[in-house]
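Residue numbers (my numbering): 165 to 571. Heads up, the beta-carbon is just placed ideally off N, CA and C, and yes, glycines get one too.
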Amino acid sequence: MELLHNAVRAYAWGSRTAIAEMLGREVPAPHPEAELWMGAHPGDPSRVIGPDGTRRSLLDLLAEDPRGQLGDGCAERFGGRLPFLLKVLAAEEPLSLQAHPSAEQAAFGFAAEDAAGLAVDSPIRNYKDPSAKPELICALTEFHALAGFRAPDRTVALLRSLDAPDLAPYTELLAAQPDGSGLRALFTTLITLPQNSLDGLLPQVLDACVAHVKDRGEFDAECRTALELGEAYPGDAGVLAALLLNRIVLSPGEAIYLPAGNLHAYLHGTGVEILANSDNVLRCGLTPKHVDVPELMRVLDFSSGDMPVQRGEPTRPGLWVYRTPCPEFELSRIELAAGESVEVDHGGPQILLCARGSATLSVHRGGHADVLELRRGQSVWLPAADPALRVEATEDAQLFRATPGVP
């Protein structure tokens with residue numbers, strides 16, 4: 165059980181306060197800080213802090229002793245790699261409209277781009293690795309997102325509520341075929357509109373959104389989001405495409421799972437994100453980064469309906485688990501009042517992050533106890549060889565625990 169030193173990723177959409185506050189640094193930070201990475205991703209692996217203060221890459225530790233660090237089952241199943249990546253994600257501005265591939269799609273795309281001679285670090289490369297990237301985001305603050313296609317009848321109602329005459333033919337595409345095929349047809353049409361057509365349609369739609377907000381219409385939140393995106397990304401077809409997605413507001417402790425093919429965009433807020441250890445992102449708009457609409461269309465899932473919001477399944481007092489079908493990861497939340505404790509079963513490698521307060525962690529080997537104090541913003545690595553863990557709050561505390569998923 166050892167503390168981790170983690171990399172902070174600086175992206176333009178990040179926050180100058182959220183991650184800095186969590187880490188106890190000066191606020192505001194000198195530049196936007198978007199993500200705190202905890203894990204063994206080759207792009208920014210965590211460093212394990214030894215008893216003497218030396219720092220070693222977690223990636224190197226896994227390479228030297230995969231079975232000792234990961235356990236036999238995890239090491240064999242995932243080829244000696246830590247299968248998950250844990251993040252704190254802080255969004256001050258909207259992220260790109262994006263989706264992630266399945267394992268089969270990623271393997272095919274990675275091989276195709278390799279065969280085409282694209283360098284792995286090329287800015288126009290879609291597939292950085294041959295792996296899937298499902299993910300789950302759990303809110304630390306109120307968290308706003310677009311995720312998954314709204315039910316077609318509700319989207320037709322939204323589009324018809326906008327007084328935008330040039331939008332009517334597009335609305336009728338979906339009204340005539342209110343299913344996944346109709347969503348595919350409408351989305352494809354909107355996201356591939358020629359710029360001259362877009363320049364005529366988009367201002368009309370945004371003006372209609374302004375009127376809808378003034379009238380306090382049924383789709384007020386969706387229209388406000390369209391206006392926000394239109395201001396941030398003028399002339400971007402992604403603004404229209406975003407009108408087809410569910411707008412979600414998560415309260416702290418609530419989470420959504422984003423499987424392969426789910427179109428989404430985080431809008432604002434801070435959360436703990438867990439994902440398969442991949443960096444494959446396919447974008448179609450709302451970004452200055454590389455966009456590849458045809459490739460995105462190849463992986464998109466056009467099923468529709470409300471996105472299930474999880475609050476965590478209580479498994480014992482103070483411990484909630486967020487269930488997903490992913491073998492790569494599982495996220496748990498620990499909430500304890502000062503003086504309370506919980507025993508956590510330990511069957512594999514894990515990372516614990518203290519998001520609020522402080523807690524004492526202890527593992528017992530025979531007559532010896534390994535004890536560590538974990539404060540807000542700190543995280544710890546526990547290899548598979550460590551025995552069961554006891555967490556005791558020294559003040560009201562919230563921790564998140566990342567482990568491989570249930571086989």
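Going by the DSSP bridge assignment, what does residue i pair with across the sheet?
{"i": "T524", "result": "E537, E556"}
{"i": "T567", "result": "E494"}
{"i": "R480", "result": "L483"}
{"i": "V369", "result": "Note: V369 sits in no beta bridge, so no partner."}
{"i": "W572", "result": "Any question about residue 572 goes unanswered here, given that the chain covers just 165 to 571."}
{"i": "A171", "result": "W201"}
Going by beta carbon distance, what residues of the same chain come within less than 8 Å of residue i, once the five residues before and after it are set aside?
{"i": "N410", "result": "L310, A311, G312, F313, R314, D470, M471"}
{"i": "L393", "result": "P258, D400, G402, V403, A406, L450"}
{"i": "S522", "result": "E537, L538, R539, R540, A557, T558, E559, A561"}
May I have the straight-line CA-CA distance separating residue i from residue j, to the nearest angstrom?
{"i": "G203", "j": "K292", "result": "17 Å"}
{"i": "P206", "j": "L223", "result": "7 Å"}
{"i": "R348", "j": "F466", "result": "6 Å"}
{"i": "A385", "j": "K378", "result": "12 Å"}
{"i": "G541", "j": "E277", "result": "38 Å"}
{"i": "V403", "j": "A255", "result": "18 Å"}
{"i": "A176", "j": "E257", "result": "8 Å"}
{"i": "V527", "j": "R554", "result": "6 Å"}
{"i": "D229", "j": "D236", "result": "11 Å"}
{"i": "D363", "j": "D330", "result": "12 Å"}
{"i": "V544", "j": "M165", "result": "7 Å"}
{"i": "S505", "j": "E240", "result": "33 Å"}
{"i": "H264", "j": "P478", "result": "29 Å"}
{"i": "E507", "j": "R480", "result": "9 Å"}
{"i": "L168", "j": "A227", "result": "17 Å"}
{"i": "L261", "j": "R324", "result": "23 Å"}
Which stretch, first to last residue, makes up the beta strand (DSSP E) that contains residue i?
{"i": "M186", "result": "Unbroken run through M186 is the alpha helix (DSSP H), 182-187; no beta strand (DSSP E)."}
{"i": "F151", "result": "Nothing in the structure corresponds to residue 151, since the chain is present only between 165 and 571."}
{"i": "E437", "result": "428-440"}
{"i": "S468", "result": "Unbroken run through S468: none, as it is neither H nor E."}
Got a sec? Which residues, its chain only, sit under 7 Å from residue i by beta carbon, not counting five neighbours each side?
{"i": "D343", "result": "P316"}
{"i": "A174", "result": "H195, P196, E197, A198"}
{"i": "D327", "result": "A372, A375"}
{"i": "L225", "result": "V212, Q233"}
{"i": "R529", "result": "P551"}
{"i": "Q127", "result": "Here the chain covers residues 165 to 571 and nothing more, so residue 127 does not appear."}
State buried or exposed for residue i, treating a residue as buried only when at least 16 other CB atoms are found within 10 Å of its CB.
{"i": "Q269", "result": "buried"}
{"i": "E537", "result": "exposed"}
{"i": "I420", "result": "buried"}
{"i": "K453", "result": "exposed"}
{"i": "R245", "result": "buried"}
{"i": "V570", "result": "exposed"}
{"i": "I288", "result": "exposed"}
{"i": "P209", "result": "buried"}
What are the boundary residues of the alpha helix (DSSP H) that includes residue i?
{"i": "E392", "result": "384-396"}
{"i": "S543", "result": "No alpha helix (DSSP H) contains S543, which is instead part of the beta strand (DSSP E) from 543-546."}
{"i": "E299", "result": "No alpha helix (DSSP H) holds E299; the beta strand (DSSP E) holding it covers 299-303."}
{"i": "M461", "result": "457-463"}
CB-CB under 6 Å to residue i, same chain, minus the five flanking residues each way: which ones, in chain order?
{"i": "Y397", "result": "L450"}
{"i": "L365", "result": "D330"}
{"i": "H308", "result": "V413, L431, H432, G433"}
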